[in-house]
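Participant: For the sequence shown, this note's numbering gives the first residue as 42, with consecutive numbering after it.
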Amino acid sequence: MNRRGTRTPGRDRRARALAPRPGLERIVGDRPSVAVAGGGIAGLAAATVLAERGVRVVLHEREPVLGGRVSGWPVTLPDGSSATMSRGFHAFFRQYYNLRGLLRRADPALSMLTGLPDYPLVHADGLRDGFRRVPRTPPWNALGFVALSPSFGPRDLAALRPAAALPLLDIRTADVHRRWDRVSAQDFLDDLRFPAAARHLAFEVFSRSFFADPRELSAAEMALMFHIYFLGSSEGLLFDVPREPFPQALWDPLAARLTALGAELRTSAPVETVRPLAGGGHEVTDASGTRRHDAVVLALDTGGLQTVVGRSPELGDAGWRERVARLRNAPPFLVSRLWLDRPVAAGRPGFLGTSGYGTLDNVSVLCAWEGEAARWAARTGGSVVELHAYALPERAVRDVEEKRLLAQLHQVYPETREARVVAARHEWRADCPLFPVGGYADRPAVRTADPSLVLAGDLVRTGLPVALMERAATSGFLAANALLERWGVRGETVWTVPEGGRSALLRALARGAAAAGRRGGR
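Printed below as a string of structure tokens:
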């Protein structure tokens, strides 16, 4: 329970609930129709809330499977066995209150998730870090990390600039982009005088989870990330993973619930155009034809949104369309999944963040926690590992990078040098949103000038302390709520980590440092 007596969705009693406007529990009378373009987390979140309130929902997804960037699809291995390939590992942090709320629709106990015991990090020079022994509640987590981390020495602590670091103790989402959006994450860490070892071992690993080079990433996103995952939340930095591949564990059960609610799920059916009608509503066209809907949710990735807006000249005003056109994708990334003919060494963690090994950013031993991979490993005596390379250079050559990742795996886990690759699948993508320096003003919000057109996705501004998969789920709930308000129906309660610092003393220190910084900048 939090201070208001509301049951919180995690262990943090200071988690914040944003209640929707009061209204009816469900649609009364004629049921409005909503087209949801995009079957990723954001689209599924919006579609679920709308369908639960009695709205007639038609969900369009370009791919043959649901889940967006967390989707999976069947593949056949050379030995004839079937497996599931995906776009790579995703960590389900305990701060992901709204994503977890969405998944609970199909699995109230979240039994499809299992926790990994640590979030270990290793640098090529031998430094290792982790979060299992770090306290979860601020400020003890920050103090514990510094005390336990081998990357902090007395000289490093003495070199830190308190005036630059203290504002992180009281992050406000309404202010963070105004202060730091025009600074890169790399310059931000330079200004802190953060020790190089700790930067490489921890914070570059985090920044690259945005699929961006720290030189390209807005420092505001970095600061917000510190708040969400570390300085503002007592949920900790440990996370859960699905027990089975994404479709079986997450999206197939949720699709069954949507279907039971009367939603129409149209896969392999991307929205081509959206045309606003003079009398209200929109015409939505896909390959099968055109249908009228009372409202539309565009829950698309950057490229998909730009394509639909570009083909729909009557959608939005000129300024909004120009801002959408300026959105950028992050650099390409590579996921390599390898089925090996022998196990990795005993005790290898299920997930390992890496730094200093060239392009390799992490290694997952899938057979340590995913049922499908574990069954294959038990049957064959082998193992299943997955390698990630984020933010590759634009001129990178795919087959060269695939070979490099394998060589880097051999450095991290030397026993794999003797292993034969029985099967390999590689995913090369460049469709994650980039949050560049100075780019916040161009990012669209959930609501548009047309009250019957809303946006959702991890590229969308929410004004809340959320990121990555949680931003997608949160924006989907907010998009549904915006439409339900029009029909007098109560929407979904949205949860976030606390807004701002967790103690009056730390908030005062942060305000003092910020004021000193402003005076020094005059």
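Quick reminder that beta carbons are idealized off the backbone N, C-alpha and C, glycines included.
Looking at chain D, is there any beta carbon in it that lies within less than 8 Å of the beta carbon of Thr155?
Facilitator: Considering every chain present, this structure includes no chain D. It has just one protein chain.
Participant: Between the segment 351-370 and the segment 534-545, do at least 3 Cβ pairs fall closer than 8 Å?
Facilitator: Touching, no, given that fewer than three Cβ pairs across the two stretches are closer than 8 Å.
Participant: Using the beta-carbon count (16 or more within 10 Å), is Gly562 buried or exposed?
Facilitator: Walking along the sequence shown from the start, residue 562 turns up at place 521. Residue placement at Gly562 is poorly supported in this model, since its pLDDT is 46, which falls under 50; the coordinates are not used for a value here.
Participant: If contact is defined by three or more beta carbon pairs under 8 Å, each pair taking one atom from either stretch, is the segment 316-327 in contact with the segment 299-306?
Facilitator: Judged by Cβ distances under 8 Å, the segment 299-306 makes no contact with the segment 316-327, as fewer than three pairs qualify.
Participant: Alpha carbon to alpha carbon, how far is Val426 from Val462? Give it in angstroms, no decimals.
Facilitator: Sequence index remark: in the sequence shown, residue 462 carries index 421 (1-based). Sequence index remark: in the sequence shown, residue 426 carries index 385 (1-based). The straight-line gap from Cα to Cα measures roughly 10 Å.
Participant: Quick check on the burial criterion: 16 or more other C-beta atoms within 10 angstroms. Buried or exposed for Arg52?
Facilitator: Your numbering for residue 52 matches position 11 in the sequence shown. So Arg52 ends up on the exposed side.
Participant: How about Thr457 and Ala430: do their beta carbons lie closer than 8 Å?
Facilitator: Translated into the one-based positions of the sequence shown, residue 457 becomes position 416. Translated into the one-based positions of the sequence shown, residue 430 becomes position 389. The answer is no: Cβ separation not under 8 Å.
Participant: Are the beta-carbon atoms of Ala580 and Ser493 separated by less than 8 Å?
Facilitator: Look at the range of the chain in this structure, 42 to 563, and you will see that residue 580 is not part of it.
Participant: For a test of the three-state rule: what should DSSP assign to Val487, helix, strand or coil?
Facilitator: As a working mapping, residue 487 is identified with position 446 in the sequence shown. It is coil, neither helix nor strand.
Participant: Between the segment 515-530 and the segment 87-94, can you find at least three pairs of beta-carbon atoms closer than 8 Å?
Facilitator: Yes, the segment 87-94 touches the segment 515-530.
Participant: CB Phe271 to CB Leu157, shorter than 8 Å?
Facilitator: Working through the sequence shown from its first residue, we reach residue 271 at position 230. Working through the sequence shown from its first residue, we reach residue 157 at position 116. No, the pair does not count as a contact, with Cβ atoms beyond the cut-off.
Participant: For Pro255 and Gln227, what's the separation of their Cα atoms in angstroms?
Facilitator: By one-based count along the sequence shown, residue 255 stands at place 214. By one-based count along the sequence shown, residue 227 stands at place 186. Cα to Cα, the separation comes out at about 5 Å.
Participant: If you draw a straight line from the C-alpha of Arg146 to the C-alpha of Leu291, how long is it?
Facilitator: Translated into positions along the sequence shown, residue 146 becomes position 105. Translated into positions along the sequence shown, residue 291 becomes position 250. Each residue's alpha carbon lies about 10 Å from the other.
Participant: Skipping 5 residues on each side, what residues in its chain have a beta carbon closer than 6 Å to that of Ala205?
Facilitator: Translated into the one-based positions of the sequence shown, residue 205 becomes position 164. Asp232 and Leu233.
Participant: Report yes if the C-beta distance between Thr348 and Leu500 is below 8 Å; otherwise report no.
Facilitator: Residue numbering aside, residue 348 sits at position 307 when the sequence shown is read from its first letter. Residue numbering aside, residue 500 sits at position 459 when the sequence shown is read from its first letter. Not a contact, by the Cβ cut-off of 8 Å.
Participant: If you compare alpha carbons, which of Thr49, Trp114 and Ser74 is closest to Gln136?
Facilitator: As a first step, residue 136 is located in the sequence shown; it is residue number 95 there, counting from the start. Cα-wise, what sits closest to Gln136 is Thr49.
Participant: Do Val478 and Glu259 come within 8 Å of each other at the CB atom, strictly closer than that value?
Facilitator: Taking the sequence shown and counting its residues from 1, the one referred to as residue 259 is at position 218. Taking the sequence shown and counting its residues from 1, the one referred to as residue 478 is at position 437. Going by the sequence as given, residue 259 is Ser instead of Glu. Cβ distance < 8 Å, so Ser259 and Val478 count as in contact.
Participant: Could you give the DSSP three-state label for Arg135: helix, strand or coil?
Facilitator: Taking the first residue of the sequence shown as position 1, residue 135 is located at position 94. Arg135 falls in the coil class under three-state DSSP.
Participant: Keeping to the same chain, check which residues put their C-beta closer than 7 Å to that of Val495; ignore five residues upstream and five downstream.
Facilitator: Residue 495 sits at position 454 when you count from the first residue of the sequence shown. The residues are Val338, Val487, Arg488, Thr489, Ala520, Ala523 and Leu524.
Participant: Who are the near neighbours of Arg466 in its chain, counting only those whose CB is closer than 7 Å to its CB and skipping five residues on each side?
Facilitator: On the sequence shown, position 425 is the one that residue 466 refers to. Within the same chain, Arg466 has close Cβ partners Val116, Met126 and Arg378.
Participant: Within its chain, find whatever has a CB closer than 7 Å to the CB of Thr395; leave out the 5 residues flanking it on each side and keep chain order.
Facilitator: Residue 395 sits at position 354 when you count from the first residue of the sequence shown. Around Thr395: Val163, Leu401, Asp402, Asn403, Val404 and Val453.
Participant: Buried or exposed for Thr331, going by 16 or more other Cβ atoms inside 10 Å?
Facilitator: Taking the sequence shown and counting its residues from 1, one reaches residue 331 at position 290. The residue in question, Thr331, is exposed, as its Cβ has fewer than 16 Cβ neighbours within 10 Å.
Participant: So, helix, strand or coil for Ala78, using DSSP?
Facilitator: Within the sequence shown, residue 78 is the residue found at index 37, counting from 1. Strand, per DSSP.
Participant: Tell me which residue opens and which closes the beta strand (DSSP E) that Gly360 is part of.
Facilitator: Counted from its first residue, the sequence shown places residue 360 at position 319. Note, Gly360: premise wrong, no beta strand (DSSP E); alpha helix (DSSP H) at Ala359 to Arg367.
Participant: Relative to the C-alpha of Ala340, which candidate in Arg502, Trp410, Asp382 and Lys444 has its C-alpha closest?
Facilitator: Start at 1 with the first residue of the sequence shown, and residue 340 comes out as number 299. For the residues Arg502, Trp410, Asp382 and Lys444, the minimum Cα distance to Ala340 belongs to Arg502.
Participant: Quick check: the segment 410-419 against the segment 171-188, are at least 3 beta-carbon pairs closer than 8 Å?
Facilitator: Too few Cβ pairs lie closer than 8 Å, so no.
Participant: From which residue to which residue does the beta strand (DSSP E) around Glu468 run?
Facilitator: As a working mapping, residue 468 is identified with position 427 in the sequence shown. Val462 to Arg470 is the span of the beta strand (DSSP E), which, as asked, contains Glu468.
Participant: With a threshold of 8 Å on Cβ separation, who are the neighbours of Leu381 within its own chain once the five nearest residues in sequence on each side are excluded?
Facilitator: The residue given as residue 381 occupies position 340 in the sequence shown. The residues are Gly423, Ser424, Val425, Val426, Thr457, Ala460, Arg461, Val462 and Val463.
Participant: Indicate whether Ile269 and Val507 have their beta-carbon atoms separated by less than 8 Å.
Facilitator: The residue labelled residue 269 in the question sits at position 228 within the sequence shown. The residue labelled residue 507 in the question sits at position 466 within the sequence shown. Contact flag set, yes.
Participant: Under the three-state reduction of DSSP, which class applies to Phe280: helix, strand or coil?
Facilitator: If you number the sequence shown from 1, residue 280 lands on position 239. In the structure shown, Phe280 sits in a strand (DSSP, three-state: E or B).
Participant: Would you kindly check if the distance between the Cβ of Arg307 and the Cβ of His101 is under 8 Å?
Facilitator: Within the sequence shown, the letter at position 60 stands for residue 101. Within the sequence shown, the letter at position 266 stands for residue 307. Contact flag set, yes.
Participant: Excluding the 5 residues preceding and the 5 following Pro161 in the sequence, name in chain order all residues of the same chain whose CB lies nearer than 6 Å to its CB.
Facilitator: Locating residue 161 in the sequence shown gives position 120, where the first residue counts as 1. Result list for Pro161: Gly171, Pro390 and Leu393, in chain order.
Participant: Could you give the residue range of the alpha helix (DSSP H) that holds Thr214?
Facilitator: For this step, residue 214 is matched to residue 173 along the sequence shown. Here the alpha helix (DSSP H) through Thr214 covers Thr214 to Trp221.
Participant: So, at 8 Å on beta carbons, what are the nonlocal neighbours of Thr214 in its own chain, with the 5 sequence-adjacent residues on each side left out?
Facilitator: Here residue 214 refers to the residue found at position 173 of the sequence shown. Taken in chain order, the residues that qualify are Leu265, Gly504, Leu505, Pro506 and Glu540.
Participant: Using 8 Å as the threshold, is the C-beta distance between Val282 and Leu154 below it?
Facilitator: Along the sequence shown, read from residue 1 onward, the residue named residue 282 stands at position 241. Along the sequence shown, read from residue 1 onward, the residue named residue 154 stands at position 113. Cβ distance < 8 Å, so Val282 and Leu154 count as in contact.
Participant: Comparing C-alpha positions only, which one of Arg439, Pro311, Leu210 and Pro236 sits nearest to Gly273?
Facilitator: Here the question's residue 273 lines up with position 232 in the sequence shown. With distances taken between Cα atoms, Gly273 lies closest to Leu210.
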